[in-house]
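S.K.: Taken in order, these protein sequences are the chains called A and B.
Terminal number for the first sequence in the working numbering: 113, no gaps in between.
Terminal number for the second sequence in the working numbering: 116, no gaps in between.
Heads up, the beta-carbon is just placed ideally off N, CA and C, and yes, glycines get one too.
Everything numeric in this text was worked out from a predicted model, so none of it was measured.
Okay, here's the structure, questions in a sec.
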Amino acid sequence: SQKIEQNSEALNIQEGKTATLTCNYTNYSPAYLQWYRQDPGRGPVFLLLIRENEKEKRKERLKVTFDTTLKQSLFHITASQPADSATYLCALGNAGNNRKLIWGLGTSLAVNP
Amino acid sequence: GAGVSQSPRYKVAKRGQDVALRCDPISGHVSLFWYQQALGQGPEFLTYFQNEAQLDKSGLPSDRFFAERPEGSVSTLKIQRTQQEDSAVYLCASSLVYRPLSEKLFFGSGTQLSVL
Numbered sequence: 001s002q003k004i005e006q007n008s009e010a011l012n013i014q015e016g017k018t019a020t021l022t023c024n025y026t027n028y029s030p031a032y033l034q035w036y037r038q039d040p041g042r043g044p045v046f047l048l049l050i051r052e053n054e055k056e057k058r059k060e061r062l063k064v065t066f067d068t069t070l071k072q073s074l075f076h077i078t079a080s081q082p083a084d085s086a087t088y089l090c091a092l093g094n095a096g097n098n099r100k101l102i103w104g105l106g107t108s109l110a111v112n113p
Numbered sequence: 001g002a003g004v005s006q007s008p009r010y011k012v013a014k015r016g017q018d019v020a021l022r023c024d025p026i027s028g029h030v031s032l033f034w035y036q037q038a039l040g041q042g043p044e045f046l047t048y049f050q051n052e053a054q055l056d057k058s059g060l061p062s063d064r065f066f067a068e069r070p071e072g073s074v075s076t077l078k079i080q081r082t083q084q085e086d087s088a089v090y091l092c093a094s095s096l097v098y099r100p101l102s103e104k105l106f107f108g109s110g111t112q113l114s115v116l
């Protein structure tokens, strides 16, 4: 069955360092992959979308890579700040009429001052 | 509106009670999704609307779950005869375009349903 795995344990890093979160998938061939941020008691907030034919996408301090051979996406936050502390979710989708994104469990990130 | 609005924010129901959860999407957004999120889990797809048409309801867990969007804007998710396993956060999301490769979802804050 389709499966998405994100960092199973919470990630704790020091302010100013780069946070790297992973999203691995099996039994699926996504056309695109999205990363969202979720704060406690709130809905997910869209961060970045990367398509299967794109290797890398950047937005300000965020960078996403997508390796369809390794079936993996990496999400980087450079110069991390305490305000970046949240849960980060990856979601995979295909290009057809199926609109069901498949979501990972999320990785909890804590950036310590 | 400024964002996706969901109400109520919290709902406590007795087992067997019917509940109705409301979603006001961003004005003009064509697509509307309902997701269920259990504690510590990612969202699970329930159903999808394009305007007023419900194009996919394959994620609805049972026939006790029903969703509608009669005028292509506000949507209601109804759960009949609630069970304890229905306890979760119900998220609504909308998107402007009907092009999945370019689509980003805007989520509401969700309705936290607790069935006692």
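Run through DSSP, which three-state label would A83(A) get?
M.R.: For the purposes of this step, residue 83(A) is identified with residue 83 of the first sequence, where counting begins at 1. Three-state result, A83(A): helix.
S.K.: Counting pairs of beta carbons, one from the region 85-102 of chain A and one from the region 55-63 of chain A, are three or more of them closer than 8 Å?
M.R.: Touching, no.
S.K.: Report, in whole angstroms, the separation of the C-beta atoms of D18(B) and Q83(B), which I expect to be a contact under 8 Å.
M.R.: Counting from one through the second sequence, the residue named residue 18(B) turns up at place 18. Counting from one through the second sequence, the residue named residue 83(B) turns up at place 83. Actually they are not in contact, since the Cβ atoms of D18(B) and Q83(B) sit about 12 Å apart, beyond 8 Å.
S.K.: Between which two residues does the beta strand (DSSP E) containing V64(A) stretch?
M.R.: The residue given as residue 64(A) occupies position 64 in the first sequence. Run containing V64(A): 62-67, per the beta strand (DSSP E) assignment.
S.K.: Comparing alpha-carbon positions, which option in Q36(B), H29(B), S87(B) lies nearest T57(B)?
M.R.: Numbered from its first residue, the second sequence carries residue 57(B) at position 57. Thr is not the amino acid found at residue 57(B); the sequence shown has Lys there. Cα-wise, what sits closest to K57(B) is Q36(B).
S.K.: Please name the residue, chosen from L109(A), Y28(A), R58(A), L92(A), that lies closest to S45(B) on a Cα-to-Cα basis.
M.R.: Working through the second sequence from its first residue, we reach residue 45(B) at position 45. First, the residue type needs correcting, since residue 45(B) is Phe and not Ser in the sequence shown. The candidate whose alpha carbon is nearest that of F45(B) is L92(A).
S.K.: Does any residue of chain B bring its CB to less than 8 Å from the CB of K100(A)?
M.R.: By one-based count along the first sequence, residue 100(A) stands at place 100. Judged by the 8 Å Cβ criterion, K100(A) is in contact with chain B.
S.K.: Return no unless some Cβ of chain B is closer than 8 Å to the Cβ of W35(A).
M.R.: For the purposes of this step, residue 35(A) is taken as the residue at position 35 of the first sequence. Judged by the 8 Å Cβ criterion, W35(A) is not in contact with chain B.
S.K.: Around the C-beta of N112(A), are 16 or more other C-beta atoms found within 10 angstroms, so that it is buried, or is it exposed?
M.R.: If you number the first sequence from 1, residue 112(A) lands on position 112. N112(A) should be labelled exposed.
S.K.: When you compare only the Cα positions, how much space is there between R186(B) and T18(A)?
M.R.: The first residue shown for chain B is 1 and the last is 116, placing residue 186(B) beyond what the model contains.
S.K.: Can you tell which of S109(B), K14(B), E52(B), L91(B) has the C-alpha that lies nearest to the C-alpha of V74(B)?
M.R.: Walking along the second sequence from the start, residue 74(B) turns up at place 74. Checked all of S109(B), K14(B), E52(B), L91(B); the closest Cα to V74(B) is E52(B).
S.K.: For T76(B), which residues from the same chain have a beta carbon less than 6 Å from its beta carbon, with the 5 sequence-adjacent residues on both sides left out?
M.R.: In the second sequence, residue 76(B) corresponds to position 76, counting from 1. Excluding positions up to five away in sequence, the list reads A20, R22, E68.
S.K.: Check whether chain B comes within 8 Å of F46(A), counting only Cβ atoms and requiring the distance to be less than that.
M.R.: Locating residue 46(A) in the first sequence gives position 46, counting from the first residue. So, interface residue.
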